[in-house]
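Chains as they are written, first to last, in our numbering: chain V, 1 to 205; chain P, 1001 to 1205; chain A, 2001 to 2205.
For every residue, glycine included, the Cβ atom is placed at its ideal position computed from N, Cα and C.
Please read these numbers as outputs of a predicted model, since none were measured by experiment.
The structure under discussion appears below in the form of structure tokens.
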Amino acid sequence: MALRFKPVDTAFYTLLATQASHLVNGASLVAELLDEGGDREDLSKRMRAAEHEADETTHEVVRRVNSTFVTPFDREDIYALSSSLDDVMDFMEEAVDLVVLYEVESLPGGVADQIEVLQRCAELTAEAMPRLQSMKDLEEYWIEINRLENAGDKSYRRLLAKLFSGQYDALEVLKLKDVLDALEHAIDAFEKVANIVEQIHVKES
Amino acid sequence: MALRFKPVDTAFYTLLATQASHLVNGASLVAELLDEGGDREDLSKRMRAAEHEADETTHEVVRRVNSTFVTPFDREDIYALSSSLDDVMDFMEEAVDLVVLYEVESLPGGVADQIEVLQRCAELTAEAMPRLQSMKDLEEYWIEINRLENAGDKSYRRLLAKLFSGQYDALEVLKLKDVLDALEHAIDAFEKVANIVEQIHVKES
Amino acid sequence: MALRFKPVDTAFYTLLATQASHLVNGASLVAELLDEGGDREDLSKRMRAAEHEADETTHEVVRRVNSTFVTPFDREDIYALSSSLDDVMDFMEEAVDLVVLYEVESLPGGVADQIEVLQRCAELTAEAMPRLQSMKDLEEYWIEINRLENAGDKSYRRLLAKLFSGQYDALEVLKLKDVLDALEHAIDAFEKVANIVEQIHVKES
Chain V
1 MALRFKPVDT AFYTLLATQA SHLVNGASLV AELLDEGGDR EDLSKRMRAA EHEADETTHE
61 VVRRVNSTFV TPFDREDIYA LSSSLDDVMD FMEEAVDLVV LYEVESLPGG VADQIEVLQR
121 CAELTAEAMP RLQSMKDLEE YWIEINRLEN AGDKSYRRLL AKLFSGQYDA LEVLKLKDVL
181 DALEHAIDAF EKVANIVEQI HVKES
Chain P
1001 MALRFKPVDT AFYTLLATQA SHLVNGASLV AELLDEGGDR EDLSKRMRAA EHEADETTHE
1061 VVRRVNSTFV TPFDREDIYA LSSSLDDVMD FMEEAVDLVV LYEVESLPGG VADQIEVLQR
1121 CAELTAEAMP RLQSMKDLEE YWIEINRLEN AGDKSYRRLL AKLFSGQYDA LEVLKLKDVL
1181 DALEHAIDAF EKVANIVEQI HVKES
Chain A
2001 MALRFKPVDT AFYTLLATQA SHLVNGASLV AELLDEGGDR EDLSKRMRAA EHEADETTHE
2061 VVRRVNSTFV TPFDREDIYA LSSSLDDVMD FMEEAVDLVV LYEVESLPGG VADQIEVLQR
2121 CAELTAEAMP RLQSMKDLEE YWIEINRLEN AGDKSYRRLL AKLFSGQYDA LEVLKLKDVL
2181 DALEHAIDAF EKVANIVEQI HVKES
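Now the structure itself:
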């Protein structure tokens, strides 16, 4: 809308892109859950380390929002975006943690579909974050994330039907449902990131 | 507060009213769950169609927010209102979908009270949306929604006590609780809509 | 940043501090759940009364936001802060209510840790609210709440592992998990309060 002559701190774009790249890493750790022979205690440790690293970047964003005079877009929006990216990591870590905590032996087959959606969301988000600087070619990103979230939702519901079909006992259903819910929430959090990007786009254009 | 000489796009009021009228339709579909002889596969299909129609209206709101220069109130608030109305529909659709997915034979008696609250919330919201234009007579609306949400919460808790009283096995409890939760979340989402209307009223008056 | 010559209504600070002091009271009622010989019906009544009192304060904040010309910080932020403080009380009331509703005989040992975190959060929040006026010494508050929320999360996950270890049947797991979840959500709501305070600080400084 307005011409911008303000000296804008562009480090925010780099930091948000870094946050998103942590999520690509996190999603590939989640995918290791499918590897049944894997050492899950070790996986859980690596996941926690990844989550701490991502936390560092989130705090760096907050610190910079606090100390920067002119931000590239509204402070509140940078804050919301960063904290939603952080939510994704928290849910991914929760999924891995619950598998170890509940001593889940094997996950139902369809979980692979949910995790594939999660990985694709992470990749698309990581690719989109640097485009915040130009505010160009973002629409295809949020449309695709919305499409993926719908696909993930369908996988999730198919998995629920399977869980309740009678082949699992109630305690096992409870355990598995918590894991599936964490994955579903991670995907929903990616959709929230996309919605915030859309809203920023609304304001800035 | 200020006199308004700005050429405001009033289509937003119509679109928000349309969104709310979709919810009246959705709530009456939910009420069909009480009809035990009904064809639930067919109900689920009609619910999905209603949800898609409502989605269309939501997207129309977003598109218009993107392309309109002067909105009748803050862009972010239109966006929040529209997305909360959309949430209600999603939860209603989830309730119907879970009944089919889990092959729930019959719902506990008290669910009728919860669904009655849901229908009343939908009607009141549909009546209130057109009043956003004048910003008049809205207080009674949000007070009544808050009262209904409290009533719904009480029905919900009575239902929970019934579920856990020992007459249902654990797997059945899990299934029924998910359905009740979806209905409860739909009612909560109506309360969120009312809260946003109250906040818009705060800003505009 | 800017000098303030505006006649600001300082009653908001008092009201927010009152809301937080209701939470100190609420948390000590929650702690009575640990007293196994206690009259829980009576506790539930006192909890409900505490929740109603807190509601009154919340409504007083909203009324004042409606009728005050110059608020000490953004109306929306006062509103968000007040409604998050209200959420904490709702979750605390839910925890107590569910114990009575589900006729839970005894809570797992580790719940004491979760409740201790809850009480500490309430005290810190009650101490911090009056400091909103000067906007000083708030950082230590939100850092400590974040640390406590992490500690609470760890207690919660240890409790989950215990619940699913095989010593409880599925129906008991369902009941206890709902109680633990309500406590966990109350702690999360304290973290949300702290996040809002941090955001207000970002805007005001």
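- The Cβ atoms of R2075 of chain A and K1192 of chain P do not sit closer than 8 Å to each other.
- The alpha-carbon of T14 of chain V is positioned some 12 Å away from that of A128 of chain V.
- Under the Cβ distance rule, R2147 of chain A does not count among the residues neighbouring chain P, no pair being separated by less than 8 Å.
- Per DSSP, G37 of chain V lies in no alpha helix (DSSP H) and is assigned neither H nor E.
- Burial check for P130 of chain V: the Cβ neighbour count within 10 Å stays below 16, so the residue is exposed.
- The residues L23, V24 and A27, in chain order, have a CB closer than 6 Å to that of A122 of chain V in the same chain once the five nearest residues on each side in sequence are set aside.
- When CB distances to chain P are screened at a threshold of 9 Å, the residues of the stretch 173 to 187 of chain V falling below it are V173, L174 and K177, in chain order.
- Nearest to F1012 of chain P by C-alpha distance, out of P:A1194, P:T1058, P:E1105 and P:K1162, is P:T1058.
- The C-alpha of F2091 of chain A is placed about 5 Å away from the C-alpha of A2186 of chain A.
- The beta carbon of V65 of chain V lies closer than 7 Å to those of T71, R75, I78 and Y79 in the same chain, with the five residues before and after it left out.
- One Cα belongs to I145 of chain V, the other to R1040 of chain P, and the distance between them is close to 30 Å.
- Taking a contact as a CB-CB distance under 8 Å, the pair L43 of chain V and E36 of chain V does not count as one, their CB atoms being some 12 Å apart.
- Residue environment for A2126 of chain A: buried (at least 16 other C-beta atoms within 10 angstroms of its C-beta).
- In this chain, M135 of chain V is not harboured by any alpha helix (DSSP H), its DSSP state being neither H nor E.
- By the beta-carbon neighbour count (other beta carbons within 10 angstroms, threshold 16), S106 of chain V is exposed.
- Y2156 of chain A sits in a helix when the DSSP states are folded into three classes.
- Non-local beta-carbon contacts of Q2019 of chain A in its own chain, meaning distances under 8 Å to residues more than five positions away in sequence, involve A2054, T2057, T2058, V2061, S2082, L2085, D2086 and M2129 in chain order.
- Contact of F1012 of chain P with chain A is not assigned, every C-beta pair being separated by 8 Å or more.
- Taking E2116 of chain A as the centre and dropping the five residues before and after it, the same chain places no C-beta closer than 6 Å to its C-beta.
- In terms of Cβ geometry, D2153 of chain A and R1157 of chain P do not form a close pair [threshold 8 Å].
- Between A2112 of chain A and the set A:I2196, A:N2195 and A:A2151, the nearest pair of CA atoms involves A:A2151.
- Taking I1200 of chain P as the centre and dropping the five residues before and after it, the same chain places the C-beta of F1073 and D1077 closer than 6 Å to its C-beta, in chain order.
- The beta carbon of L1132 of chain P sits closer than 6 Å to those of Y1013, all from its chain and outside the five residues before and after it, given in chain order.
- Of V:S21, V:F190, V:A17 and V:K136, the smallest CA-CA separation from R147 of chain V is found for V:F190.
- In this structure, E2051 of chain A sits away from E2103 of chain A, with a CB-CB distance that is not shorter than 8 Å.
- In the structure shown, P1072 of chain P adopts coil according to DSSP, grouped into three states.
- The beta-carbon separation of K2045 of chain A and G2110 of chain A, rounded to 27 Å, does not stay under the 8 Å limit for a contact.
- The C-beta of E36 of chain V comes no closer than 8 Å to any C-beta of chain A.
- Sequence-distant Cβ neighbours of Y1141 of chain P in its own chain, meaning closer than 8 Å and more than five residues away, are L1124, T1125, E1127, A1128, R1131, A1194 and V1197.
- Residue-level contact by beta carbon holds for V1202 of chain P and chain A, with a gap shorter than 8 Å.
- Taking 8 Å as the CB threshold, D86 of chain V stays off the interface with chain A.
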